[in-house]
Amino acid sequence: MFAKIKNYFLTGVLVSAPVFITFWIVFSLVKFFDQLITPLIPYYINPNYYLPRDVPGLGLIILVTLLVFVGFITASFFGSLILKKTESLISKIPLIKIFYKTIKQIIETIFKNNSNAFRDVVLLEYPRKGVWVLGFTTGEVKGVVEKKNKSAVNKCFCPNNT
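Using my numbering, the letters of the sequence shown correspond one by one to residues 197 to 358.
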């Protein structure tokens with residue numbers, strides 16, 4: 197009898213935990229962005245100043261709107277020019293360029309329309325014999341490389357600071 201109750205309890209925890217953790221993460225993110233962005237809004241256009249209660253999610257809505265606007269500007273010729281100049285400037289700053297390049301590589305790889313991205317972890321002998329690094333397969337290589345090797349060849353992402 198006690199074993200069944202224990203199993204039901206553990207099943208309940210395993211089923212409920214992901215739901216509660218997801219809600220907690222979403223709630224925490226909304227609260228974080230509200231606390232970060234809402235104070236930056238001038239009081240005369242901030243609804244939290246006029247209403248008796250704070251508007252939950254206001255900071256998140258403003259952040260999403262801002263990101264859509266940045267995406268819109270970047271898609272234009274003028275925006276892409278600014279982006280290239282900014283990346284050129286960042287690539288000249290010694291420590292910052294390492295973080296920027298790594299984060300950019302990861303984000304570009306994750307958001308590619310390739311369902312195989314990051315599915316498998318591989319160990320590669322790179323950059324020289326005897327040195328091994330972890331990598332993630334991001335897809336298959338097609339065309340000349342595949343024909344030359346006469347077998348399937350995978351593309352790999354290896355995070356590095358160069």
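The beta carbon of each residue, even a glycine, is placed where N, CA and C say it ideally should be. On a predicted model such as this, the values are computed, not experimentally measured, just so you know.
Practice problem: Taking only the alpha-carbon atoms, compute the straight-line gap between residue 348 and residue 325 and give it to the nearest angstrom. | Solution: As a first step, residue 348 is located in the sequence shown; it is residue number 152 there, counting from the start. As a first step, residue 325 is located in the sequence shown; it is residue number 129 there, counting from the start. Cα-Cα distance, rounded: 23 Å.
Quiz item: Under the DSSP definition of a beta bridge, which residues are partnered with residue 328?
Solution: Stepping through the sequence shown from its first residue, residue 328 is reached at position 132. Its beta-bridge partners are 321.
Quiz prompt | Which of helix, strand or coil DSSP assigns to residue 350 | solution = To locate residue 350, count along the sequence shown from 1; it is residue 154. DSSP places residue 350 in strand when its eight states are reduced to three.
Quiz item: What is the DSSP secondary structure of residue 335, reduced to helix, strand or coil?
Solution: Working through the sequence shown from its first residue, we reach residue 335 at position 139. Residue 335 falls in the strand class under three-state DSSP.
Practice problem: Would you kindly check if the distance between the Cβ of residue 332 and the Cβ of residue 307 is under 9 Å? | Solution: On the sequence shown, residue 307 is found 111 positions in, with the first residue counted as 1. On the sequence shown, residue 332 is found 136 positions in, with the first residue counted as 1. No. Outside cutoff.
Quiz item: Does DSSP put residue 205 in a helix, a strand or coil?
Solution: Reading the sequence shown from its first residue, position 9 is the one you call residue 205. It is helical.
Quiz prompt | Alpha-carbon spacing of residue 294 relative to residue 279, whole angstroms | solution = Translated into positions along the sequence shown, residue 294 becomes position 98. Translated into positions along the sequence shown, residue 279 becomes position 83. If you draw a straight line from the Cα of residue 294 to the Cα of residue 279, it comes to about 17 Å.
Quiz item: Would you call the segment 235-248 and the segment 262-274 touching, i.e. three or more CB-CB distances under 8 Å?
Solution: A contact is defined here as three or more CB-CB pairs under 8 Å, and the segment 235-248 fails this definition with respect to the segment 262-274.
Quiz item: Does residue 301 get closer than 9 Å to chain B when you measure Cβ to Cβ?
Solution: Any reference to chain B falls outside this structure, which holds one protein chain only.
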